[in-house]
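Participant: Chains D and S, in that order, are what the protein sequence lines are. Here the numbering used here is used: the first residue of the first sequence is 1, the next is one more, and so on. Here the numbering used here is used: the first residue of the second sequence is 278, the next is one more, and so on. Heads up, the beta-carbon is just placed ideally off N, CA and C, and yes, glycines get one too. One structure is given below, represented as structure tokens, and several questions about it will come after.
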Amino acid sequence: MANYKDYMLFEKLPHTWCAGCGHGIILQAIADAFAMQGLDKHDIALVSGIGCFGRVDDYLDINCMHVTHGRALPAATGIALANPELHVLVTMGDGDGATIGGNHLIHCARRNINLTAVIANNYNYGQTGGQYSGTTPAGSITATSPYGHVEPGFDICKLAEAAGAPFVARTTPYNPMQIRNLIKRGMQTRGFALIEVMDTCPTHYGRLNKFGDAGPMLEKLNNMTVPVEKASSMSGEELEGRIVTGVLTDRPREDYYTRYKRIIDRLSTEKGSVPSA
Amino acid sequence: MRGEKRFIEGNIAIVEGAIAAGARFYAGYPISPSSEIAEYSARLLPRVGGLYIQMEDEISSMAALLGASVAGKKAYTATSGPGVSLMQENLGLGIMSEIPAVIIDVQRSGPSTGAATKPAQGDLMQARWGAHGDHSIIALSPASVQECFDLTVCAFNLAEKYRTPVYLLADETIGHLRETVTIRELEPDEIVSRKQPAEDVGPEDFRPYRYDGIMPEAMPPFGSDRYLSRTTGSTHDEKGEFRPVPENIHRVTHYLTDKIEKNAEDICMTKGWYLDDAETAFITWGCATRSALGAMEQLRARGEKVGMLQLQTVWPMPEKEIRSVLSSVKTVVVPELNLGQAAGEIRKFNDYGCKVVQANRVDGILISPEQIIRVWKEAEQHGEL
């Protein structure tokens, strides 16, 4: 029976994240999800971008590709197509996943590339000092919205769902078991899976928006959540300001590689020849 | 060896060269005048078990190439100047992470949209410096359809050997020029395969990077059943682990430049004509080579001692060959479809008092042999320039 420790680089600890940050909880949940599936670490490829959560690969003993800001999904697309046997996991923050990389997110979901994207959404750019991102809620105070944010934030799950993602789920670090289970289910989905973890940044977002310290912030975040089963019988008004958690979309759809492979196979049996230009 | 004569355009010969070299992955975004490379790759790649994917932009195209390459495929893309501008971000990632890939830039007039379908050679400096931070780059440039095939093969080989992205700097003229070429299957020894760790190097001892020389370490693919791999655009140590400390930053930056500049003799390819007795030489690259050949033939027919040096490798600049010409002739003419990007580099090597003059054109029309002859004649009549 595999243990999460089998996938960790303990000599790299303590990690770089602030006290009270939820990223460490997600890190362990990722390693746990590998262990639950008993994966050979040689068969896992993790692609990470830039930002606090982009550092997650530093602590994992698997194949890792640490790329540029926002480009983790297209790099992972290349890996997933070049070696369809690999389990490809992509770790991003809200900057990487839904702001600078927002275009890649919707196209990756539309194409249905076989990979699992884990987005830690803490509503701000923690690594560069807490500036607003594409998911920062209107009215929030951040380093670059000192008088209150005038833009609304994206709902990452709705965005992925609308773009065609076959598996979309949401949770929080208050519930590590759910993170682990959802990542596992995402990885077992053949196609694009997205797990959004509503995360805590007590250092920047929490402090400026009066969420209190790490404990109270996590508690408040949890109090805002509503399981999807319960949410289905609630009105729009009742759901205002609430975070719906659980499996939001589960509708299997043939992935890009499977469809493309069928073309390769068809051509290999066709007589004749190379087309001339 | 099976060879096939075909009458095709340069862009098609490039795809044939890529497939012959073993490329099995293409990610790109269509752009004139390179689109035939995307279209023909989409037709050909699945027939050889490869994959074509059209990405949402050139940023993601370059990222996907690097991803496919770390997973073990030889990967390429084709674009033009505006696309290269977008690829620069992940080109830098490829340089820092030492990931092989081939970028075909079929140059067009610029800046910006410019005259989108007109030929130009304005990307020489973009190719050299288009990524932030100190680095070096390899770029080859074809002047015929046959060279489109041959130099594409070389580009893949150099990318694998030096573990780095390599440019093929074609241009609209050569990309759309039709000539009879030989397309052939390559012998195994003509293809460079990615270096793998030696049998006796176990996973505990293997290091994916080395900085104590000028050659890169072996690169097992993601999915190897023996080795785990780690690549990063952050300054890293031999294990590929994040280590941004001064002494490490220093050695990594020097190494990334040295592995190309100090291997220049191996990387640089040139072609010469009549250089033994030449008093004037044309130093050329890409499509301007064809104009200069016409000028040289006309002048030779009149008994003028004119020779030529074509730079097939443009980065690193073939310094040894350029110096040899500068030190042996009186006048050098550099024809280019830009305002003198190669000429400036050639002047840097001119410690010999040679007269270096330019024949430039940036109106989307090719340089004529007559323009080159006119520039040469003016240089002969006037004093130092």
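Sorted by chain position, which residues of the same chain lie with C-beta nearer than 6 Å to S:MET546's C-beta, five sequence neighbours on each side aside?
Facilitator: GLN589, THR590
Participant: Compare the C-beta of D:ARG71 against all C-beta atoms of chain S and say whether one is closer than 7 Å.
Facilitator: At least one C-beta of chain S is nearer than 7 Å to the C-beta of D:ARG71.
Participant: Determine whether the Cβ of D:ILE25 lies closer than 7 Å to any Cβ atom of chain S.
Facilitator: With 7 Å as the cut-off, D:ILE25 does not count as an interface residue toward chain S.
Participant: What residues in its chain sit with their C-beta under 7 Å from that of S:MET278, if we drop five residues either side in the sequence?
Facilitator: With a pLDDT of 48 at S:MET278, under the threshold of 50, the modelled position of that residue is not reliable, and the figure given next carries that caveat. ARG461, GLU462, GLU464.
Participant: Taking CB distances under 7 Å as the criterion, tell me whether D:ALA45 reaches chain S.
Facilitator: yes
Participant: Closest Cβ-Cβ distance between S:LYS350 and chain D: below 7 Å?
Facilitator: yes
Participant: Taking 7 Å as the CB-CB limit, is S:ARG440 close to chain D?
Facilitator: Chain D contact via Cβ: absent.
Participant: Using three-state DSSP, classify S:ILE420 as helix, strand or coil.
Facilitator: Sequence inspection shows Ala at residue 420 of chain S; the Ile mentioned does not correspond to that position. In the structure shown, S:ALA420 sits in coil (DSSP, three-state: anything other than H, G, I, E or B).
Participant: Residues in the same chain with beta-carbon distance under 6 Å from D:GLY246, minus the five sequence neighbours each way, listed in chain order, please.
Facilitator: So the list reads PRO227, VAL228, once near-sequence residues are dropped.
Participant: Below 8 Å, can you find three or more Cβ-Cβ pairs linking the stretch 403–420 of chain S to the stretch 346–354 of chain S?
Facilitator: no
Participant: Starting from the beta carbon of S:LEU368, find every residue of chain D whose beta carbon is closer than 7 Å, and list them in chain order.
Facilitator: Chain D residues near S:LEU368: none, gap ~10 Å exceeds 7 Å.
Participant: Can you pull the chain D residues whose beta carbon is under 8 Å from the beta carbon of S:THR508, in chain order?
Facilitator: CYS64, MET65, HIS66
Participant: Please classify D:LYS158: is it buried, with 16 or more other beta-carbons within 10 angstroms of its beta-carbon, or exposed?
Facilitator: With fewer than 16 other Cβ atoms within 10 Å, it is exposed.
Participant: Is S:MET546 helix, strand or coil by DSSP?
Facilitator: coil
Participant: Between D:GLY78 and chain S, is the shortest Cβ-Cβ distance under 7 Å, so that the two count as touching?
Facilitator: Yes - at least one Cβ of chain S is within 7 Å of the one on D:GLY78.
Participant: What's the gap between the Cα of D:THR135 and the Cα of D:LEU221?
Facilitator: 15 Å
Participant: Which runs of the beta strand (DSSP E) at least 3 residues long sit entirely within the stretch 433–500 of chain S? Give them in chain order.
Facilitator: Within the stretch 433–500 of chain S, the complete beta strand (DSSP E) runs of at least 3 residues are 442–448, 455–461.
Participant: D:HIS281 CB to nearest chain S CB: under 7 Å?
Facilitator: Absent from the structure is residue 281 of chain D, since the part of chain D shown begins at 1 and ends at 277.
Participant: What residue range is occupied by the uninterrupted alpha helix (DSSP H) comprising D:CYS363?
Facilitator: The question about residue 363 of chain D has no answer, for chain D in this structure spans 1 to 277.
Participant: Quick check: what's the CA-CA separation for S:LYS248 versus S:LEU586?
Facilitator: This structure does not reach residue 248 of chain S, given that chain S is present from 278 up to 662, and the question cannot be answered.
Participant: Just grab the DSSP bridge partners of D:GLU237 for me.
Facilitator: Paired residues: none, contrary to the question.
Participant: Three-state secondary structure (DSSP) at D:HIS149?
Facilitator: coil
Participant: By DSSP, does S:PRO359 sit in helix, in strand, or in coil?
Facilitator: helix
Participant: Just mark S:THR508 as buried or exposed, buried being the case when its beta carbon has 16 or more other beta carbons within 10 Å.
Facilitator: buried
Participant: Tell me whether D:ALA53 sits in a helix, a strand or coil according to DSSP, three-state version.
Facilitator: According to the sequence provided, residue 53 of chain D is Phe. The question's Ala does not apply to it. Helix at D:PHE53.
Participant: Could you check the C-alpha separation between S:THR557 and S:HIS453 for me, to the nearest Å?
Facilitator: 31 Å
Participant: Nearest by alpha-carbon distance to D:LEU13: which of D:VAL56, D:LEU39, D:ILE30, D:GLY130 is it?
Facilitator: D:VAL56
Participant: Which stretch, first to last residue, makes up the alpha helix (DSSP H) that contains D:ARG185?
Facilitator: 176–188
Participant: Measuring alpha carbon to alpha carbon, tell me which of S:GLU524, S:GLU515, S:SER511 ends up nearest S:ALA495.
Facilitator: S:GLU515
Participant: Which term fits S:ASP489, buried or exposed, when burial requires 16 or more other beta carbons within 10 angstroms of its beta carbon?
Facilitator: By the beta-carbon neighbour count (other beta carbons within 10 angstroms, threshold 16), S:ASP489 is exposed.
Participant: Cβ closer than 9 Å: which chain S residues qualify as neighbours of D:LEU86?
Facilitator: ALA348, PHE499, GLY500
Participant: Once you ignore the five residues that flank S:TYR551 on each side, which residues in its own chain have a CB closer than 8 Å to its CB?
Facilitator: MET573, ARG577, LYS582, VAL583, GLY584, MET585
Participant: Looking at S:LEU603 and S:CYS631, is the spacing between their C-beta atoms short of 7 Å?
Facilitator: In contact: S:CYS631 and S:LEU603 (Cβ atoms closer than 7 Å).
Participant: Mind checking if S:PRO267 is an interface residue toward chain D, Cβ cutoff 7 Å exclusive?
Facilitator: Missing from the structure shown is residue 267 of chain S; chain S here goes from 278 to 662 and no further.
Participant: Going by C-alpha distance, which of S:ILE599, S:ALA436, S:TYR444, S:LYS395 is nearest S:MET402?
Facilitator: S:TYR444
Participant: For the candidate residues D:VAL67, D:ALA31, D:LYS41, D:LEU208, whose alpha-carbon lies nearest to that of S:PHE519?
Facilitator: D:VAL67
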